[in-house]
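In structure tokens, the structure reads:
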């Protein structure tokens, strides 16, 4: 995110310089065009208006980048290597009714549960599915550094019923989002076996996939 902010700063400086340069040329010309004792610069409409339009576009580009950086600050970054991002504990299973109770725990950078942010999920089925939305920079902006951003989308049973919405916001949209970010992808992580009461699963994320493993 630091490189994006540096790019925004440079774009603002360049845009303001171009607009100020044209404005200064026009101001001097208006003040001196009727004076014979002063050699004034001649306004070249095509060149000056082109520079003015370019300066305006650069400033607009910088504002879009600034809004995008503010919007992305709320999202977690995709880890460069496989890393634990959450835990899912099976609180209760009911073989008769098929009801399934899950406890979803985001984790901190050390992989410890953030207990104040846990989410209970009441669903059904013998397994569960966790959906994660991932969005990355477009190829031309990959030099900005971050591997991408993600958020949890939903958690529910494999039957597709009673899905809990885990999203806290929408991917940044608008011109800035379309300009800098590639289309988002949804990754689904599910256990390889039926869950049992008391099971704890670790959710791992890398730049290629999301997966859950039984502890």
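Numbering (the numbering used here), first residue to last: 545 to 759.
Cβ coordinates follow ideal geometry from the N, Cα and C atoms, glycine included.
Pairs of beta-carbons, one from the stretch 719-732 and one from the stretch 680-696, closer than 8 Å: are there three or more? yes
Once the 5 residues before and after residue 547 are set aside, which same chain residues still bring their CB inside 8 Å of it? The residue labelled residue 547 in the question sits at position 3 within the chain shown. Excluding residues within five positions, the ones whose Cβ falls inside 8 Å are 687, 688 and 689.
The stretch 584-604 in contact with the stretch 629-638 per 3-pair CB rule at 8 Å: no
Return helix, strand or coil for residue 710, following the three-state DSSP convention. For the purposes of this step, residue 710 is identified with residue 166 of the chain shown, where counting begins at 1. Three-state DSSP puts residue 710 in coil, outside helix and strand.
CA-to-CA distance, residue 559 to residue 592, given in whole angstroms: As a first step, residue 592 is located in the chain shown; it is residue number 48 there, counting from the start. As a first step, residue 559 is located in the chain shown; it is residue number 15 there, counting from the start. So the alpha carbons of these two residues sit roughly 14 Å apart.
May I have the straight-line CA-CA distance separating residue 664 from residue 691, to the nearest angstrom? Within the chain shown, the letter at position 120 stands for residue 664. Within the chain shown, the letter at position 147 stands for residue 691. Near 30 Å, if we compare the C-alpha coordinates of residue 691 and residue 664.
Just tell me which of 672, 654 and 653 has its CA closest to the CA of residue 642. Within the chain shown, residue 642 is the residue found at index 98, counting from 1. The shortest C-alpha separation from residue 642 is found at 672.
Residue 607 vs residue 716 beta-carbon contact at 8 Å: Taking the chain shown and counting its residues from 1, the one referred to as residue 607 is at position 63. Taking the chain shown and counting its residues from 1, the one referred to as residue 716 is at position 172. Not a contact, by the Cβ cut-off of 8 Å.
So, under 8 Å CB-CB, residue 628 and residue 655 are touching, yes? Tell me the CB distance rounded to an integer number of Å. Here residue 628 refers to the residue found at position 84 of the chain shown. Here residue 655 refers to the residue found at position 111 of the chain shown. Right, the Cβ-Cβ distance comes to about 5 Å (below 8 Å), so this counts as a contact.
Going by Cα to Cα distance, which pick from 751, 739 and 731 is closest to residue 507? Any property of residue 507 remains undetermined from this structure, which presents the chain solely from 545 to 759.
CA-CA distance, residue 707 and residue 626? Taking the chain shown and counting its residues from 1, one reaches residue 707 at position 163. Taking the chain shown and counting its residues from 1, one reaches residue 626 at position 82. Roughly 26 Å separates the two Cα atoms.
Relative to the C-alpha of residue 714, which candidate in 677, 669 and 742 has its C-alpha closest? Residue 714 sits at position 170 when you count from the first residue of the chain shown. Selected option, being the one with the closest Cα: 677.
Have a look at 552, 631 and 605 and flag the residue whose alpha-carbon is nearest the alpha-carbon of residue 749. Position 205 of the chain shown, counted from the first residue, corresponds to residue 749. Of the listed residues, the one whose Cα sits closest to residue 749 is 631.
Go to residue 664, then tell me how far its alpha helix (DSSP H) extends in each direction, as first and last residue. Within the chain shown, numbered from 1, the residue matching residue 664 stands at position 120. No alpha helix (DSSP H) holds residue 664; the beta strand (DSSP E) holding it covers 663-668.
Pick from 741, 730 and 570: whose alpha carbon is nearest that of residue 753? To locate residue 753, count along the chain shown from 1; it is residue 209. Selected option, being the one with the closest Cα: 730.
Excluding sequence positions up to five away, which residues of its chain have a Cβ less than 7 Å from the Cβ of residue 720? The sequence position of residue 720 within the chain shown is 176, counting from 1. Result list for residue 720: 608, 609, 611 and 612, in chain order.
Residue 554 versus residue 693: straight-line alpha-carbon distance, rounded: Residue 554 sits at position 10 when you count from the first residue of the chain shown. Residue 693 sits at position 149 when you count from the first residue of the chain shown. Approximately 24 Å between the Cα atoms of the pair.
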